[in-house]
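Written out below as structure tokens is the structure these notes cover.
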Amino acid sequence: MIGIVDVGGGMRGVFGCGVTDFLMDKGIAFDYCLGVSAGSANLASYVSGQRGRNYRYYTKYSLRPEYMSAFNFATKHSFFDLDYVYSVLSNSDGEDPMDFQHFTESKQIFKAVATSGVTGEAHYFAKDDFHRDDYAPLKASSAIPGVCKPVNIGGIDYFDGGVSDPIPVEKALSDGCDHVVLVLTKPIDFVKKPEMFKTAYTKVLKNYPAVVKKLNIRHNTYNNGIKKALELSQKGLVSIIAPDDGYFVT
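In terms of my numbering, the sequence shown has 9 at position 8, counting the first letter as 1, and numbering is strictly consecutive.
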């Protein structure tokens, strides 16, 4: 089984979107798809066979204040309005709906990683967790702590998957993949630094101490994940696709 992992990364996710659109152009369908944050949205459209859909989200809809704005943050406590992105736009009656039937009927395995607000550990949502016009797992995977409100699923609040498992190649391999294509949105040699706004997010996330602990070591988690991916690439288990320009690194 061959898998693809898209790590996302906010608007940098457009790089991964380019990769998945290219794959669709060439008729390449990976057996297993695992997305982190914006990467989960990229791969959802990849599995649903909707070339160009995510590109429209990055280049068209993202310019709207309903999508992301200070006004959203002031009125809804979320800079990114995940309900607008994954419900208003994406539902069957939305402006750019997801092809849910194609998504569910595809033989490709799909998973989206999010972070439990209770334990701080990674949780991997599968296709069975999706329902027509209910794409909560995509919202959960993209709910950046301090920037977005958590997404409640089954009584548990979830945050962005990049907090707990930003480079989930080992998860893909443990799920049975023989080889994994890892799509990064930062140069391979990028070294993540400690979070800058520790005092601020500690206060904002006071009800989620496990998430705060994960944020405090997030740089180590990311850097160690890259190190492991490089080691696995030397063993022929992982291939890495990454931009060579750090212009969009944030």
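Even glycine gets a Cβ: it sits at the ideal position worked out from N, Cα and C.
Query	Result
Quickly, what does DSSP pair H132 with across the bridge? List them, please.	D135
Quick check: the Cα distance between T107 and A201, rounded to an integer number of angstroms?	First, the amino acid is wrong: residue 107 is Ser here, not Thr. Spanning the two alpha carbons is a distance of roughly 43 Å.
Within 10 angstroms of the Cβ of K93, are there 16 or more other Cβ atoms? Answer buried if so, exposed if not.	Before going on, a small fix: residue 93 reads as Ser here, not Lys. It is exposed - the Cβ of S93 has fewer than 16 other Cβ atoms within 10 Å.
Between the segment 86 to 104 and the segment 129 to 136, do at least 3 Cβ pairs fall closer than 8 Å?	yes
If V119 and P146 are in contact, beta carbons under 8 Å, what's the gap, nearest whole angstrom?	Contact flag wrong, Cβ pair sits at about 14 Å.
Compare the beta carbon distance of Y56 and Y62 with 8 Å and say whether it is the shorter of the two.	no
Output the boundary residues of the beta strand (DSSP E) element that contains N224.	It is not in any beta strand (DSSP E) - N224 instead sits in the alpha helix (DSSP H) that spans R219 to Q235.
Among the candidates N224, L185 and V205, whose CA atom is the shortest distance from the CA of K193?	N224
Beta-carbon separation of C149 and L231 under 8 Å?	no
Assuming F87 contacts T116 under a Cβ cut-off of 8 Å, what Cβ separation, rounded to an integer in Å, is found between them?	Here residue 87 turns out to be Tyr, not Phe, going by the sequence shown. Actually they do not touch by this definition, with Cβ atoms about 17 Å apart.
Using beta-carbon positions only, say whether Y47 and T76 come within less than 8 Å of one another.	no
Would F16 and T186 be called neighbours here (beta carbons separated by less than 8 Å)?	yes
Can you tell me whether DSSP reads L206 as helix, strand or coil?	coil
If A127 sits next to I154, beta carbons under 8 Å apart, how far is it from one beta carbon to the other, in whole angstroms?	In fact, because the Cβ distance is near 13 Å, the residues do not count as touching under 8 Å.
Quick one: what does DSSP say G162 is sitting in, helix, strand or coil?	helix
Could you have a look at T251 and say whether DSSP puts it in helix, strand or coil?	Interpretation of T251 is limited by its pLDDT of 41, a score under 50 that renders its predicted location unreliable; the figure taken from the coordinates is listed afterwards. DSSP places T251 in coil when its eight states are reduced to three.
At which residues does the beta strand (DSSP E) containing G147 begin and terminate?	Looking at the DSSP string, G147 is not in any beta strand (DSSP E), and its letter there is neither H nor E.
Are the CB atoms of F322 and A45 nearer to each other than 8 Å?	Nothing in the structure corresponds to residue 322, since the chain is present only between 2 and 251.
Who does M69 pair with in a DSSP beta bridge?	F81
Measure the alpha-carbon distance for A113 versus S142 and round it to whole angstroms.	6 Å
I think G53 touches G9, with their Cβ atoms under 8 Å apart; what is that distance to the nearest whole Å?	So it is not a contact: roughly 18 Å between Cβ atoms.
Let me know the secondary structure DSSP gives D94 once reduced to three states.	coil
Just to confirm before moving on: does the CB-CB distance between G11 and L35 stay below 8 Å?	no
Rounding to the nearest angstrom, what Cα-Cα distance links A144 and S49 in this structure?	22 Å
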